[in-house]
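In our numbering, the protein residues as written are 703 to 821.
As structure tokens, this is what we get:
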């Protein structure tokens with residue numbers, strides 16, 4: 703019985719790796735945007751010489767900064783999950799391929815020992 707190699711897993715692993723790379727790029731862009739927002743908010747807060755800090759801006763910043771809406775950490779978790787699944791599928795593919803190659807070698811050796819078929 704021949705060992706089957708599931709090519710689908712390797713194809714899906716490539717798709718997951720591409721998605722993970724895109725989400726990672728998105729997370730980096732979002733982190734840069736959040737950093738810029740932080741600088742803007744710090745300038746606004748520092749410019750308020752008298753009176754309490756602007757609670758609306760502070761609350762808005764806290765939400766976007768991930769304290770109440772952790773979008774960036776969720777993106778990083780998604781990237782980790784995608785890469786982990788891709789790694790499992792890649793490992794499964796490699797194991798199946800190695801088993802198929804070993805089976806092929808075994809059959810070739812067996813055929814060599816038995817000699818050509820009689821006609």
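Just so you know, even glycine gets a beta-carbon here, dropped at the ideal spot from N, CA and C.
On a predicted model such as this, the values are computed, not experimentally measured, just so you know.
Throw me the rounded Cβ distance for the residue i and residue j pair, which I believe falls under 8 Å.
| i | j | result |
| --- | --- | --- |
| residue 781 | residue 732 | Rounded, the Cβ-Cβ distance is 12 Å, inconsistent with contact. |
| residue 799 | residue 707 | 5 Å |
| residue 788 | residue 729 | At roughly 17 Å, the Cβ-Cβ gap does not stay under 8 Å, so residue 788 and residue 729 are not in contact. |
Going by DSSP, what residue range makes up the alpha helix (DSSP H) through residue i?
| i | result |
| --- | --- |
| residue 789 | 773-816 |
Is residue i helix, strand or coil when you go by DSSP?
| i | result |
| --- | --- |
| residue 717 | helix |
| residue 724 | helix |
| residue 733 | helix |
| residue 820 | coil |
Grab me the residues of residue i's own chain with a C-beta within less than 6 Å of its C-beta, minus the 5 sequence neighbours each way, in chain order.
| i | result |
| --- | --- |
| residue 722 | 781, 784 and 785 |
| residue 794 | 711 |
| residue 796 | none |
Leaving out five residues before and five after residue i in sequence, what residues of the same chain have Cβ atoms less than 8 Å from its Cβ?
| i | result |
| --- | --- |
| residue 719 | 784, 785 and 788 |
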